[in-house]
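Reviewing the structure listed below.
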Amino acid sequence: MDALSNRVRDLAPNVEPTPGAIAGAREQLARAIAAEPSRGRRRTWRMPALSTPNLRLLTAVVAVVTVAVIAVGAFVASQVLSRPEIAAPPAVDFARPVQDQLNGRTLRIATVTEGPQRYDLPDGSASSDSYLLVRSVSASYVSADGSVTHVFEDEPSSLASTHGPDGPAMAESFVAGSDRSVQESTRIPEGWTEGLPADGPGILDAFAERHGLDAAAATAESVPTLLVYVLPDPAWYFLTVAQREAVVDTVVAGGGLSRRVEGADIFLSADDDLLGVTRMARESLVPVSGSTPSWAGDGLPASTWTNEVSFVDAAPSRSEPDAAPTSACDGVPIPDSAYAGTGLSSLLDDNGRAAIAGEGVPELGEEEWAPVEQSEDRVVLWSWSLHDGSTPRDSEPGEPAATHELVTITRDGGGGWAVTSWSQCLMTQLVDGYRTVDVALDAAAADPAAARMPLLVSEGGCPVDAAAIELLQENQNTDVVEVLVALRDDVQTPACADSGATPFTIDLDEPLGSRPVIDLAYLEGRNLRVP
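Heads up: the sequence shown is residues 20 to 550, going by my numbering.
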């Protein structure tokens, strides 16, 4: 067996690859590598699809702490993305305190996830039994000082296999890659685990406080608390076996969670199918593997996950610069970390946690908000949801409705935090070296029979320098014309006393006709042809 086959066996030791499977994987890997330079995709504002194994803190160990990859093709990216080398034995012994075994090393808890994904075919159809199985892996690192680092997509996601008659066609739309991000989380204070009470309810209360949850609500909803917050928390691995057992016993006794013993394993099954099944090692009560129902559509298999725990030399550095934001909400840049969907508490630093705990700050949905700015005196949060019942977007052409929200919390002179701004916003693109402008179709000059499209460009209601206007993107077909018009960032719009706009004409391949004209400055696109 050649080197590639050996590598596959190393990455997936429980899988017996057939010659056909290896040949197919080679073909898919070659196709993905060949297509990678031209298929890079922009991130959009959309919340990470629940159909992916990317439920981040909601798919592994019942869906949390991770997602990402290990599979055919992962070794290619490993040459680029640095990762600590796995230390030599001894292995982690969960029957005794893990912190006593670190010896200056770091504990790595990796979750390998495989989940179904569907892609639309060019004609918009696909057989109901066709899908892709995508493999991903993310990890949490715990250092000897208790600091916790989460790495989302610690290795690049990859295509594990195709299924159904349309699976190969769907694979054409899949691009192997990584949205790797390194984030610090709530550390485990020295002596925290040793100072925990011996009873299950007391330990649950301590975890609720650790995650900023209401203790009474966490106890009343003990099953999701255990599966979504407690088990995925690296602090679970620092408990004694007796402490872990006390927590599990408490949750099972409260109802909603069944437990069965099979040999060396314990299976925890939630009554709510959403939370799936978790398999734990009977002797240590650490999560080993599990499954969660598919979000990609009816009839698709469940997503499965497996935990791999080991010692490494060090946690990944946060020194890697974040990619420049590619979107904004009413001019406020939205960093990539806000799209992670990992839950608000996992993204907040000390300033953010203090801000949302301020007097008068309403409770914010854990899965609906993400921080975009966290300073000592100002915290700005962004949400992909509207909280006042507004419709996400007008169905008619013209001015689109707001799609997102921004809330600003500032510190006053006395050190307290209070909400100073809460507004709806609309997502627009950010392009390096340019700024987006207001664009309208010049209805008075537009001629459906002409192969030209007259636009009016303004900024803040003022005309702009015609020489600084550029057409950055243009897509034309028989059904639509899409354009992205922007202004060079090195040109400032002069102050103006009266409102106005600057004419800008785009030549078309065919007459404009009745085709809609979409402004791509808005991430969801805005139809400029108002009836």
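Glycine included, C-beta positions come from ideal geometry on N, C-alpha and C.
Just confirm the distance between the C-beta atoms of S356 and S200, as a whole number of angstroms; I'd bet it's less than 8 Å.
6 Å
Quick one: what's got a C-beta closer than 7 Å to D218's C-beta in the same chain, skipping five residues either side?
A265
Are W403 and T422 closer than 9 Å when you measure CB to CB?
yes
Between D509, L490, G544 and R471, which lies nearest to E529 when the distance is taken from Cα to Cα?
R471
Here's the rule: buried if 16 or more other CB atoms are within 10 angstroms of the residue's CB, otherwise exposed. What is E424?
buried
Just to confirm the assignment, what range does the beta strand (DSSP E) spanning G309 have?
P306 to T311
Start-end ranges of the alpha helix (DSSP H) lying completely within the segment 367–436, minimum 4 residues
369–375
Mind checking whether V536 and E501 have CB atoms under 9 Å apart?
Yes; because the gap between Cβ atoms is below 9 Å, this pair is in contact.
Excluding the 5 residues preceding and the 5 following L449 in the sequence, name in chain order all residues of the same chain whose CB lies nearer than 7 Å to its CB.
P344, T345, S346, A347 and P352
When the distance is taken between beta carbons, is T297 closer than 9 Å to L223?
no
Could you give the uninterrupted runs of the alpha helix (DSSP H) lying entirely in the segment 154–240, keeping only those of 4 residues or more?
Taking only runs of at least 4 residues, the alpha helix (DSSP H) segments lying wholly in the segment 154–240 are 186–190, 219–229 and 234–239.
Taking V476 as part of the beta strand (DSSP E), name the residues at either end of that continuous run.
R471 to E478
Exposed unless 16 or more other CB atoms sit within 10 angstroms - verdict on R154
A buried status is given to R154, since no fewer than 16 other beta-carbon atoms sit within 10 Å of its beta-carbon.
Minimum C-alpha distance to N122 - residue among L531, E543, G519 and A163:
A163
From the DSSP output, in three-state form, read off P243 for me.
In the three-state scheme derived from DSSP, where H, G and I count as helix and E and B as strand, P243 is classed as helix.
I need the straight-line Cα distance from P306 to S477, nearest angstrom please.
P306 and S477 have their C-alpha atoms roughly 57 Å apart.
To the nearest angstrom, how far is the alpha carbon of A145 from that of L151?
A145 and L151: Cα-Cα distance of roughly 12 Å.
Quick test of your reading: S310 and T325, contact by CB under 8 Å. State the CB separation rounded to the nearest angstrom.
About 10 Å separates the two Cβ atoms, so there is no contact after all.
So what does DSSP say about P535, is it helix, strand or coil?
Reduced to three states, the DSSP call for P535 is coil.
If you drop the 5 nearest sequence neighbours on each side, which residues of the same chain put their C-beta closer than 6 Å to that of Q443?
Taking Q443 as the centre and dropping the five residues before and after it, the same chain places the C-beta of A421 and E424 closer than 6 Å to its C-beta, in chain order.
Assign S336 to one of three DSSP states: helix, strand, or coil.
coil
Close beta carbons around A485, own chain, < 6 Å, minus the five adjacent residues each side:
T521
DSSP beta-bridge partners for T447?
The partner list for T447 (beta bridge, DSSP) reads A347 and Y541.
Comparing alpha-carbon positions, which option in D332, A334 and P251 lies nearest L294?
L294 has its Cα closest to that of P251, out of D332, A334 and P251.
Taking only the alpha-carbon atoms, compute the straight-line gap between P13 and P312 and give it to the nearest angstrom.
Lying outside 20 to 550, the shown extent of the chain, residue 13 is not represented and no answer is given.
Relative to the C-alpha of D173, which candidate in A469, Q511, Q120 and V156 has its C-alpha closest?
V156
Going by other Cβ atoms of all chains shown within 10 Å of its Cβ, with 16 needed for buried, is E133 buried or exposed?
buried
Taking R278 as part of the alpha helix (DSSP H), name the residues at either end of that continuous run.
From DSSP, R278 is part of no alpha helix (DSSP H) but of the beta strand (DSSP E) over L276 to E281.
Give the single residue among D148, D538 and G362 whose Cα lies nearest to the Cα of L475.
D538
Endpoints, the alpha helix (DSSP H) within which Q495 is located:
First-last for Q495: I488 to Q495, but that is the beta strand (DSSP E), not the alpha helix (DSSP H).
To the nearest angstrom, report how far apart E35 and T181 are at their CA atoms.
Summary for E35: the model assigns pLDDT 44, below 50, so the residue's position carries little reliability; its value from the coordinates is reported in the next sentence. So the two alpha carbons sit approximately 16 Å from each other.
Cβ-based neighbour list, H230, same chain, cut-off 7 Å, excluding 5 preceding and 5 following
Y248 and S364
With a threshold of 8 Å on Cβ separation, who are the neighbours of S518 within its own chain once the five nearest residues in sequence on each side are excluded?
Cβ within range, chain order: S477, G480 and C481.
Quick check on this structure: which residue in D508, P473, G371 and R534 has the alpha carbon closest to the alpha carbon of F523?
Taking only the C-alpha atoms, the option nearest F523 is P473.
Comparing alpha-carbon positions, which option in M446, S204 and E382 lies nearest E543?
M446
Considering only DSSP beta bridges, list what Q136 is partnered with.
Answer is L151, bridged to Q136.
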